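Here's the structure we're looking at; comments come further down.
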Amino acid sequence: MVEMMTRTRQLQRTIPKSGQPIPAIGLGSWQTFDVGRSASDRAPLAAVLKAFVGFGGAVVDSSPMYGRSEAVLGDLSSQLRLNDKLFVATKVFTSGQRRGVAQMRQSLRRLRRTRIELMQIHNLVDWRTQLATLRAWKAAGTFRYIGVTHYTSSAFDQLAGVIAAEELDFVQLPYSIIRREAERKLLPLAQKRRVAVLVNRPFEAGALFARTRGRPIPTFARPFADSWAQLSLSFILAHPAVTCVLPATSKLAHLVDNMGAGLKRLPDAAERRKVAALFSS
Ligand SMILES: NC(=O)c1ccc[n+]([C@@H]2O[C@H](COP(=O)([O-])OP(=O)(O)OC[C@H]3O[C@@H](n4cnc5c(N)ncnc54)[C@H](OP(=O)(O)O)[C@@H]3O)[C@@H](O)[C@H]2O)c1
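Under this note's numbering, the first residue of the sequence shown carries the number 24, and numbering increases by one thereafter.
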């Protein structure tokens, strides 16, 4: 199945500030890539990463907050000779200028890179201090893009204030069929400010599947989804402000399922409303 589908082109989106196209389905790494060095730990993730790139994926998201994830991504992508095919997004998650610099140097080493495509300020931690460093390193060519992230809608007002006031390339935020607060203010604001949007927690860290277990996907969704995972990803990607969604998985079968969403058409506005209605209660 992987062989058959690798010949089909993944859905692409454009980074507003540069015009660079990137594949619209990426890969998260929180928990899933935080593993040890044993072959039994790493072989399934090597298969996931290889298939991800085979399907035309490129955007991987990590953070020094995710334990060993950056190092595992760096090791596996180097062993598989895929490191230069990736669009690497990672984060700085500390206070203070010197600690931020040390942490970002560590990320470069762990990811086995001299450059990183996107450096983000994780959960806006000490963001004014870190943003000054990110700007300097972007000017020096170490980072191509810079941005900010958060994981909770209670931080959306603060995130909106930063996006409105500062010149940023990316924002990363939570958005799912179950949690749609971002539609109210943040997604329109990102569009207006020409800020690319990465979506985290698209399956609510797996909680979506507890709610849909045992229920078949509705017939109207069949043209754009074969599974609840695909239904969820295509709902998110049908929002025009979204640049890339970051599902995380440690299983090849789930990776194949998730990448399949980027090979189908997206729901139209009426279908999107019907999908939303399924989860509105
Ligand atoms: N503040 C921040 O910047 C921030 C915060 C949160 C997350 N993030 C980023 O966003 C990424 C995604 O969020 P997340 O890791 O919280 O969770 P998620 O992607 O919403 O859900 C991951 C869960 O869904 C399962 N899953 C994945 N594909 C599936 C499929 N097709 N069918 C059934 N189950 C499936 C995974 O289990 P299996 O391994 O069994 O597939 C895992 O338990 C993170 O990894 C991270 O990179 C960033």
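All C-beta atoms, glycine included, are put in the ideal place defined by N, C-alpha and C. Here the structure is a predicted model, which means the values were calculated and not measured.
Should S224 be listed as close to ligand 1, given that the test is whether its C-beta is under 8 angstroms from any heavy atom?
-> Here residue 224 refers to the residue found at position 201 when the sequence shown is read from its first residue. Correcting the residue type first, residue 224 is Arg in the shown sequence and not Ser. True, at least one ligand heavy atom lies under 8 angstroms from that Cβ.
Neighbourhood of A261 by C-beta distance below 6 angstroms, restricted to the same chain and skipping five residues each side = Here residue 261 corresponds to residue number 238 of the sequence shown, with the count starting at 1. Here the set comprises L289, P290 and R295.
Any chance you could list the alpha helix (DSSP H) runs of at least 4 consecutive residues sitting entirely within the stretch 171-255, in chain order?
-> Look at the stretch 171-255 and you find these whole runs of alpha helix (DSSP H), each 4 residues long or longer: 179-188, 209-215 and 230-235.
With a threshold of 8 angstroms, establish whether the CB of S85 neighbours any heavy atom of ligand 1.
-> On the sequence shown, position 62 is the one that residue 85 refers to. Answer for S85: yes, Cβ within range of ligand 1.
Closer than 8 angstroms: is that where the CB of K274 sits relative to any heavy atom of ligand 1?
-> By 1-based counting over the sequence shown, the position of residue 274 is 251. The answer is yes for K274.
With I38 and T266 assumed to form a contact (beta carbons below 8 angstroms), what rounded beta-carbon distance in angstroms separates them?
-> Locating residue 38 in the sequence shown gives position 15, counting from the first residue. Locating residue 266 in the sequence shown gives position 243, counting from the first residue. Yes, they are in contact, since the Cβ atoms of I38 and T266 sit about 7 angstroms apart, within 8 angstroms.
CA nearest to the CA of A178, picked from V148, V115 and D57 = Here residue 178 corresponds to residue number 155 of the sequence shown, with the count starting at 1. Comparing Cα positions, the closest option is V148.
When the Cα of R167 is compared with those of V185, Y174, Q214 and T113, which residue comes out closest?
-> By one-based count along the sequence shown, residue 167 stands at place 144. Relative to R167, the option among V185, Y174, Q214 and T113 whose CA is nearest is T113.
Is the distance from the Cβ of I186 to the Cβ of V194 below 9 angstroms?
-> What you label residue 186 is simply residue 163 of the sequence shown in a count that begins at 1. What you label residue 194 is simply residue 171 of the sequence shown in a count that begins at 1. In this structure, V194 lies closer than 9 angstroms to I186 by Cβ.
Residues sharing a beta bridge with K114, DSSP | The residue given as residue 114 occupies position 91 in the sequence shown. DSSP output for K114 lists Q143 as bridge partner(s).
Close beta carbons around M27, own chain, < 7 angstroms, minus the five adjacent residues each side | One-based indexing of the sequence shown puts residue 27 at position 4. Since pLDDT at M27 reaches only 36, below the 50 mark, its modelled position is unreliable, and no value is offered.
Shortest alpha-carbon distance to S118 belongs to which of G229, W150 and L191?
-> On the sequence shown, residue 118 is found 95 positions in, with the first residue counted as 1. With distances taken between Cα atoms, S118 lies closest to W150.
Using DSSP with H/G/I as helix, E/B as strand and the rest coil, what is V58?
-> Taking the sequence shown and counting its residues from 1, the one referred to as residue 58 is at position 35. V58 falls in the coil class under three-state DSSP.
What does I169 pair with, by DSSP beta-bridge criteria?
-> Here residue 169 corresponds to residue number 146 of the sequence shown, with the count starting at 1. As computed with DSSP, I169 is found in a beta bridge with M142.
N- and C-terminal bounds of the alpha helix (DSSP H) containing Q129 | Counting from 1 along the sequence shown, the entry for residue 129 is found at position 106. Q120 to R133 is the extent of the alpha helix (DSSP H) around Q129.
Compare the C-alpha of R224 against each of A292, Q102, A205 and F75 and name the closest.
-> Reading the sequence shown from its first residue, position 201 is the one you call residue 224. Answer by Cα proximity: A205.
With distances taken Cα to Cα, identify the nearest neighbour of K161 among V171, H173 and M142.
-> Position 138 of the sequence shown, counted from the first residue, corresponds to residue 161. It is M142 whose Cα lies nearest to the Cα of K161.
Could you tell me whether the Cβ atoms of A219 and L256 are closer together than 9 angstroms?
-> Taking the sequence shown and counting its residues from 1, one reaches residue 219 at position 196. Taking the sequence shown and counting its residues from 1, one reaches residue 256 at position 233. The answer is no: Cβ separation not under 9 angstroms.
So does the stretch 55-71 actually touch the stretch 87-98, counting three or more Cβ pairs closer than 8 angstroms?
-> As far as the Cβ criterion goes, the stretch 55-71 touches the stretch 87-98, which means the pair count is three or higher.
How many Å lie between D84 and S100 at the Cα?
-> Working through the sequence shown from its first residue, we reach residue 84 at position 61. Working through the sequence shown from its first residue, we reach residue 100 at position 77. Approximately 13 angstroms between the Cα atoms of the pair.
Is DSSP giving T152 helix, strand or coil here?
-> Here residue 152 refers to the residue found at position 129 when the sequence shown is read from its first residue. T152 sits in a helix when the DSSP states are folded into three classes.
With a threshold of 16 other CB atoms inside 10 Å of the CB of D280, please say whether the residue is buried or exposed.
-> Counting from one through the sequence shown, the residue named residue 280 turns up at place 257. Looking at its Cβ environment, which holds 16 or more other Cβ atoms inside 10 Å, D280 is buried.
Residues bridged to T37 by DSSP?
-> As a first step, residue 37 must be located in the sequence shown, where it is residue number 14. DSSP output for T37 lists P44 as bridge partner(s).
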